[in-house]
Amino acid sequence: MQPSQKLSRSRTRSRRSHHALSSVNLSDCPRCNKPKLPHAACANCGYVRAGLSLKIEKES
Ligand SMILES: [Zn+2]
Numbered sequence: 021m022q023p024s025q026k027l028s029r030s031r032t033r034s035r036r037s038h039h040a041l042s043s044v045n046l047s048d049c050p051r052c053n054k055p056k057l058p059h060a061a062c063a064n065c066g067y068v069r070a071g072l073s074l075k076i077e078k079e080s
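Residue numbers (the numbering used here): 21 to 80.
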């Protein structure tokens, strides 16, 4: 089956107006000041919140 009518440029472009990606929101780790994802453990030092941090296993 083929589409019965060609979509106009306007239709195509207005559909794609919602396709833009937004940048990742990063916050700074309070312990090591590296950027980290909010609500996630810091990849550098494992800090989550006061009194809780994860062990980071270094590969080397
Ligand atoms: Zn950190």
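All C-beta atoms, glycine included, are put in the ideal place defined by N, C-alpha and C.
{"query": "Same chain, Cβ closer than 6 Å to C62, neighbours up to 5 away in sequence not counted", "result": "C49, K56"}
{"query": "beta-carbon K56 near ligand 1 non-hydrogen atom, thresh 7 Å", "result": "yes"}
{"query": "Every unbroken alpha helix (DSSP H) within the region 29 to 79, with a cutoff of 4 residues, ordered by chain", "result": "29 to 36"}
{"query": "Minimum C-alpha distance to K78 - residue among N64, R51, P58, L72", "result": "N64"}
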